[in-house]
Amino acid sequence: MFIIQKNELEKDQTLVIGLYKGKTRNEVSNKADHPWGEALEAYIKSGDVSYQYKNLSKILYPSEDRLTRLYFIGLGVSEEVTRNAYRKAIGYAFKSMLKEGHEEISLDFDSLCPASLSLEECAEIIGETVFTSTYRLPSFKTDEQEPKSIKKVNLVYEGDERVLSDALKKGYALAEGVNTARRLVHLPANILTPTELAEFARTLAEDHEFEIDVLDKEDMEKLGMGALLAVNQGSVEPPKMIVLRYQGLDNWEDVTAFVGKGITYDTGGYSIKTKTGMPGMKGDMGGAAAVLGAMDTIGRLKPKKNVLAVIPSSDNMISGEAFKPDDVISSMSGKTIEVLNTDAEGRLALADGVTYAKSEKAERIFDVATLTGGVVTALGSWMTGAMTNDQILFAELQSIAEDMGEPIWQLPYNDDYKAQVRKSEIADLNNSPTRKAHAIMGGAFVGAFVEDTPWVHLDIAGTSIAESSHDLGPKGPTGVMAKTLAGYVLK
Ligand code: BES
Ligand code: MN
Ligand code: ZN
24 MFIIQKNELE KDQTLVIGLY KGKTRNEVSN KADHPWGEAL EAYIKSGDVS YQYKNLSKIL
84 YPSEDRLTRL YFIGLGVSEE VTRNAYRKAI GYAFKSMLKE GHEEISLDFD SLCPASLSLE
144 ECAEIIGETV FTSTYRLPSF KTDEQEPKSI KKVNLVYEGD ERVLSDALKK GYALAEGVNT
204 ARRLVHLPAN ILTPTELAEF ARTLAEDHEF EIDVLDKEDM EKLGMGALLA VNQGSVEPPK
264 MIVLRYQGLD NWEDVTAFVG KGITYDTGGY SIKTKTGMPG MKGDMGGAAA VLGAMDTIGR
324 LKPKKNVLAV IPSSDNMISG EAFKPDDVIS SMSGKTIEVL NTDAEGRLAL ADGVTYAKSE
384 KAERIFDVAT LTGGVVTALG SWMTGAMTND QILFAELQSI AEDMGEPIWQ LPYNDDYKAQ
444 VRKSEIADLN NSPTRKAHAI MGGAFVGAFV EDTPWVHLDI AGTSIAESSH DLGPKGPTGV
504 MAKTLAGYVL K
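Shown next, in the form of structure tokens:
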């Protein structure tokens with residue numbers, strides 16, 4: 024995958040060189056003793072290559088028995104390049120190079136690491152971005168050829184390779200997690216049923232030696248998971264509560280829990296969605312996908328932490344047996360819920376998921392869900408909406424999310440909001456209070472089940488799908504929050 028090599032270039036290599044204004048970490052790439060070094064000054068003078076951010080240019084450099092393709096990627100001002108700007112620029116470069124057919128690339132590591140970032144940071148971001156930016160989603164087209172992918176990355180680096188190899192490995196593990204999440208979100212609901220999602224989790228558990236429990240309908244009935252069961256009532260596909268345990272500590276303590284919404288299809292139920300609102304709802308298990316993606320990364324890196332993953336999974340369908348508005352249901356926590364809207368099904372599934380996580384000794388909970396259209400209105404596709412009952416935990420997660428290029432924005436969660444989800448004449452809670460503050464109401468409902476356990480709620484309805492192809496990946500599923508969740512455990 025990654026090969027760290029000294030300065031000797033092989034024949035016909037495709038080499039990427041970073042260019043920026045200002046101080047370079049190591050002037051080596053400008054030195055005349057490099058095969059291309061002499062030419063660099065002239066290239067820059069000619070104006071054919073530029074330091075300008077995201078300016079990518081290609082030059083063929085012939086010498087004696089070899090032809091080297093030099094790609095120059097502009098990175099802006101060396102001391103000012105942020106992690107996120109860096110990630111996007113190199114993602115753009117890798118993506119463009121693969122488009123031009125290069126499945127094996129070499130990187131001039133020194134020149135590709137600006138002064139504002141550490142060598143480890145650069146290596147991690149490179150390791151990640153090579154594989155996220157060039158990722159192709161699988162297709163069901165019968166005439167589709169095997170998509171091109173980057174198969175080999177040579178890092179040309181004179182320094183101690185151990186400095187780079189751990190960081191590259193971490194970056195690669197993060198990318199695999201993201202791509203796992205993307206693949207799952209992409210699968211249509213007739214193929215990725217709750218049963219299939221559970222099968223996928225089993226494979227993951229086998230690969231990484233996780234403990235796994237898949238609760239079926241009968242188990243759920245015994246545990247009183249009436250909220251998830253209500254969502255499943257109209258379906259012919261059985262529900263699954265998927266539970267993974269990764270134990271990196273001697274004892275099952277200090278447990279971080281991820282709870283991911285695993286609605287494999289959301290028709291809205293009797294509060295049915297419109298014919299334009301429904302397509303795309305195969306992605307309503309984006310939270311579950313992020314959790315499984317994060318577990319994939321964690322399984323590859325095996326940190327000394329304990330992690331519990333809980334995925335309540337069902338589709339939300341209509342039939343003579345389906346649940347209805349006005350129904351009163353009873354959750355695993357014992358709390359009763361007046362259903363006012365069957366399309367507010369995610370919070371019902373999460374309610375039992377969160378309660379189950381608490382019963383498995385979760386000391387902190389992150390729930391991730393494509394929960395509300397409201398968050399899309401509020402934040403668009405640029406930031407994930409977040410809520411918390413613990414500012415310290417939130418600050419920790421926010422800083423990781425920022426570093427990972429998956430920014431989160433806190434929505435308010437005070438007593439006024441908490442009161443709204445408790446307004447019901449017939450039950451303890453209602454699942455859909457008013458038309459106001461939709462995104463917050465979704466989070467507040469989940470919060471009522473979390474109670475005092477430190478918690479961050481992540482509503483990815485706006486960030487889990489990219490409307491068009493971008494520097495860090497294809498159009499479609501982004502795999503958002505897989506990196507951030509894993510990053511929290513790896514920190
Ligand atoms: N899965 C949807 C939220 C959603 C909307 C995800 C758009 C991705 C893109 C969720 O189950 C839902 O239907 N939410 C409703 C809640 C409402 C009925 C209280 C919404 O936000 O409109
Ligand atoms: Mn819904
Ligand atoms: Zn939904």
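The numbering of the sequence shown is this note's numbering, which starts it at 24 and goes up by one.
C-beta: ideal position from N, C-alpha, C; glycine also.
In the DSSP assignment, find the unbroken alpha helix (DSSP H) run with PRO217 in it and report its ends. Reading the sequence shown from its first residue, position 194 is the one you call residue 217. Note, PRO217: alpha helix (DSSP H), 217-231.
Cβ contact (3+ pairs, closer than 8 Å) linking the region 491-510 and the region 120-138: no
Tell me the rounded alpha-carbon separation between ALA204 and ARG323. Locating residue 204 in the sequence shown gives position 181, counting from the first residue. Locating residue 323 in the sequence shown gives position 300, counting from the first residue. Their Cα atoms are separated by approximately 15 Å.
For ASP338, which of helix, strand or coil comes out of DSSP? On the sequence shown, residue 338 is found 315 positions in, with the first residue counted as 1. DSSP places ASP338 in strand when its eight states are reduced to three.
Beta-carbon proximity list for ASP451, same chain, < 6 Å, skipping 5 on both sides: As a position in the sequence shown, residue 451 is number 428, starting the count at 1. Only LYS358 and THR359 meet the Cβ criterion.
Below 7 Å, is the gap between the Cβ of GLU383 and the nearest heavy atom of the ligand MN? Stepping through the sequence shown from its first residue, residue 383 is reached at position 360. For the ligand MN, not one heavy atom lies less than 7 Å from the Cβ of GLU383.
Going by C-alpha distance, which of PRO430, LYS498, GLU386 and GLY403 is nearest ASP413? Numbered from its first residue, the sequence shown carries residue 413 at position 390. Closest option to ASP413, Cα to Cα, is GLU386.
Hey, which residues come within less than 6 Å of the ligand ZN, measuring from Cβ to any heavy atom, in chain order? ILE286, ASP289, ASP307, GLU368 and GLY369
Taking three-plus beta-carbon pairs below 8 Å as touching, is the region 421-430 in contact with the region 327-344? no
From LEU246, MET340, PRO302 and VAL278, pick the residue whose C-alpha is nearest to that of SER294; which is it? Here residue 294 corresponds to residue number 271 of the sequence shown, with the count starting at 1. Measuring from the Cα of SER294, the nearest candidate turns out to be MET340.
With distance defined between alpha-carbon atoms, name the residue in ALA228, GLN270, PRO217 and MET243 nearest to SER258. Against the sequence shown, residue 258 aligns to sequence position 235. Ranking the options by Cα distance to SER258, first place goes to PRO217.
Could you tell me which uninterrupted beta strand (DSSP E) segments, each at least 3 residues in length, are contained entirely in the region 437-511, listed from first to last along the chain? 478-482
With distances taken between CB atoms, is the gap from LEU394 to LYS284 smaller than 8 Å? Residue mapping note: residue 394 aligns to position 371 of the sequence shown, counting from 1. Residue mapping note: residue 284 aligns to position 261 of the sequence shown, counting from 1. Going by C-beta atoms, LEU394 is nearer than 8 Å to LYS284.
Along the alpha helix (DSSP H) that carries SER119, what are the first and last residues, could you check? As a position in the sequence shown, residue 119 is number 96, starting the count at 1. Its alpha helix (DSSP H) spans residues 106-122.
Over what stretch of residues does the beta strand (DSSP E) that includes SER353 continue unbroken? The sequence position of residue 353 within the sequence shown is 330, counting from 1. From DSSP, the beta strand (DSSP E) with SER353 extends over 351-353.
Which residues in the same chain have their Cβ closer than 6 Å to the Cβ of LYS514, if we skip the five residues on either side of it in sequence? By 1-based counting over the sequence shown, the position of residue 514 is 491. Counting only Cβ-Cβ distances below 6 Å, and skipping sequence neighbours, we find nothing.
For LEU207, is the classification buried or exposed, using 16 other Cβ atoms within 10 angstroms of its Cβ as the cut-off for buried? On the sequence shown, residue 207 is found 184 positions in, with the first residue counted as 1. So LEU207 ends up on the buried side.
What I want to know is whether the C-beta of GLY291 ends up closer than 7 Å to one or more non-hydrogen atoms of the ligand MN. The sequence position of residue 291 within the sequence shown is 268, counting from 1. Yes, the beta carbon of GLY291 sits closer than 7 Å to at least one heavy atom of the ligand MN.
Is ILE173 helix, strand or coil by DSSP? Start at 1 with the first residue of the sequence shown, and residue 173 comes out as number 150. Coil, per DSSP.
Flag GLY466 as yes when its Cβ comes closer than 7 Å to any non-hydrogen atom of the ligand BES, and as no otherwise. In the sequence shown, the residue the question calls residue 466 occupies position 443. No, the Cβ of GLY466 stays beyond 7 Å of every heavy atom of the ligand BES.
May I ask you to list the residues that DSSP assigns as paired with GLN28? Against the sequence shown, residue 28 aligns to sequence position 5. Per DSSP, VAL179.
Measuring straight from C-alpha to C-alpha, what distance separates LEU315 and VAL237? Mapped onto the sequence shown, residue 315 falls at position 292. Mapped onto the sequence shown, residue 237 falls at position 214. Between LEU315 and VAL237, the C-alpha separation is close to 14 Å.
Considering only residues of the same chain and omitting the five flanking positions on each side of LYS174, which have a CB-CB separation below 8 Å? Position 151 of the sequence shown, counted from the start, is the residue given in the question as residue 174. GLU126 and GLU127.
At what residues does the beta strand (DSSP E) containing LYS81 begin and finish? Here the question's residue 81 lines up with position 58 in the sequence shown. Note, LYS81: beta strand (DSSP E), 79-86.
Does DSSP put ALA312 in a helix, in a strand, or in coil? The residue you call residue 312 lines up with position 289 of the sequence shown. The answer is helix: DSSP assigns ALA312 an H, G or I state.
To the nearest angstrom, how far is it from the Cα of ASP519 to the Cα of LYS296? Because the chain is modelled from 24 through 514, residue 519 falls outside the range shown and cannot be assessed.
Boundaries (first-last residue) of the beta strand (DSSP E) holding ALA280: For the purposes of this step, residue 280 is taken as residue 257 along the sequence shown, with counting starting at 1. Start and end: 278-283.
Please classify ASP273 as buried or exposed, where buried requires at least 16 neighbouring CB atoms within 10 angstroms. To locate residue 273, count along the sequence shown from 1; it is residue 250. That one is exposed.
Just to confirm my understanding: we take GLY499, look at its own chain, exclude 5 residues before and 5 after, and list those with CB closer than 8 Å. What are they? Position 476 of the sequence shown holds residue 499. Only LEU160, ARG205, VAL208, HIS209, ILE488 and ALA489 meet the Cβ criterion.
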